[in-house]
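**Student:** In the order they appear, the protein sequences are chains B and Z.
Heads up: the first sequence is residues 1 to 111, going by our numbering.
Heads up: the second sequence is residues 1 to 95, going by our numbering.
C-beta atoms are modelled at their ideal positions from N, C-alpha and C, and glycine is treated no differently.
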Amino acid sequence: MIYASSYSYHPDRIEFSETEEKEKNTTNYILEKIDDNKTNLTVDFYMQKNIAKQIIFNVARKKKIEENFRRSLQNLEGLVKEIKLPAACHTQIYLAGALKSSFEYMDLLNK
Amino acid sequence: MKWNSSAKQTENGEIPFHYTQLSQLKSEIQPEPFPVLDFSKKVKMISLSKDYETDIITLFHATGDFNYRSRWQYGVKAVEEVNHFCHVVECAAVV
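Okay, structure coming up:
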């Protein structure tokens with residue numbers, strides 16, 4: 001089970017995170033505008049501080065998860081070319097700078 | 001706030017009441033700060049970055065909308081939304 005755990009908006013920088021309920025691992029997404037048609041995405045994966053779990057992660061899981069993320073970012077390249085948003089959508093997001101919660105940003109995406 | 005008075009006519013007689021506009025109070029309400037996740041108890045294990053030939057809003061839709069998640073996130077077969085919690089259905093291999 002994953003829940004939206006944070007969200008911040010600026011026209012040139014959007015940041016949001018999702019947290020896995022059980023282990024509390026968090027994936028943080030940072031979108032930064034380069035220009036009107038180019039955007040950088042940074043994906044950071046966090047886990048709870050725990051030396052033993054961190055060591056186990058580095059030894060047993062990090063390589064695979066990193067590769068999964070890499071493939072995901074590659075897949076995203078094709079998807080963004082398919083998405084065509086109506087102009088109103090862009091206006092809605094830009095006006096949504098006062099969103100109060102992650103739930104509200106999810107509701108906005110679903111409109 | 002300016003209070004006004006009026007009365008409601010009922011079958012049992014007149015009921016006087018006072019009322020006022022609350023618009024001023026609403027305009028004074030400060031927006032809540034954005035929830036900021038506390039990373040102090042967490043450690044960053046992986047960080048990847050990539051540029052995309054698209055605007056920031058389109059990329060936000062692609063990444064933030066769970067409806068698209070299974071189309072790009074490796075290992076995610078489907079996303080089932082339960083209220084505001086999303087149950088991510090993962091499978092071992094995705095072609």
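Can you pull the DSSP bridge partners for S5 of chain Z?
**Tutor:** Note: S5 of chain Z sits in a beta bridge opposite Z:H18.
**Student:** In three-state DSSP terms, what is F39 of chain Z?
**Tutor:** coil
**Student:** At a CB-CB cut-off below 9 angstroms, which residues of chain Z make contact with V43 of chain B?
**Tutor:** I46, S47, L48, S49, K50, T63
**Student:** With DSSP as the reference, label N25 of chain B as helix, strand or coil.
**Tutor:** It is coil, neither helix nor strand.
**Student:** Start and end of the beta strand (DSSP E) containing Q48 of chain B?
**Tutor:** 38-48
**Student:** Return helix, strand or coil for L59 of chain Z, following the three-state DSSP convention.
**Tutor:** helix
**Student:** Answer yes or no: does any C-beta atom of chain Z fall closer than 9 angstroms to that of Y94 of chain B?
**Tutor:** Per-residue confidence for Y94 of chain B stands at a pLDDT of 46, beneath the threshold of 50, marking its modelled position as unreliable; the derived number appears in the next sentence. Yes, contact with chain Z.
**Student:** Would you mind reading off the limits of the alpha helix (DSSP H) that contains E82 of chain B?
**Tutor:** 62-82
**Student:** Anything in chain Z within Cβ reach of I14 of chain B, meaning under 7 angstroms, just list it in chain order.
**Tutor:** I56, F60
**Student:** Taking 8 angstroms as the cut-off, does the region 57-72 of chain B touch the region 55-62 of chain Z (at least 3 CB pairs, one atom from each stretch)?
**Tutor:** no
**Student:** Distance, Cα to Cα, A7 of chain Z vs L25 of chain Z?
**Tutor:** 24 angstroms
**Student:** Which partner residues does D51 of chain Z have in the DSSP bridge list?
**Tutor:** B:N40
**Student:** Can you check whether the CB of L79 of chain B is closer than 9 angstroms to the CB of Y68 of chain Z?
**Tutor:** A distance below 9 angstroms separates the beta carbons of Y68 of chain Z and L79 of chain B.
**Student:** Whole angstroms are fine: how far does the CA of K33 of chain B sit from the CA of T39 of chain B?
**Tutor:** 5 angstroms
**Student:** To the nearest angstrom, how far is the alpha carbon of K22 of chain B from that of W3 of chain Z?
**Tutor:** 53 angstroms
**Student:** Check the Cβ of L25 of chain Z against every Cβ in chain B and list those closer than 8 angstroms, keeping chain order.
**Tutor:** What L25 of chain Z touches in chain B: nothing, since even the nearest Cβ is about 18 angstroms away.
**Student:** What number of angstroms, rounded off, separates the C-alpha of L31 of chain B from the C-alpha of D55 of chain Z?
**Tutor:** 10 angstroms
**Student:** By the criterion of Cβ-Cβ separation under 7 angstroms, what are the contact partners of I65 of chain B in chain Z?
**Tutor:** I46
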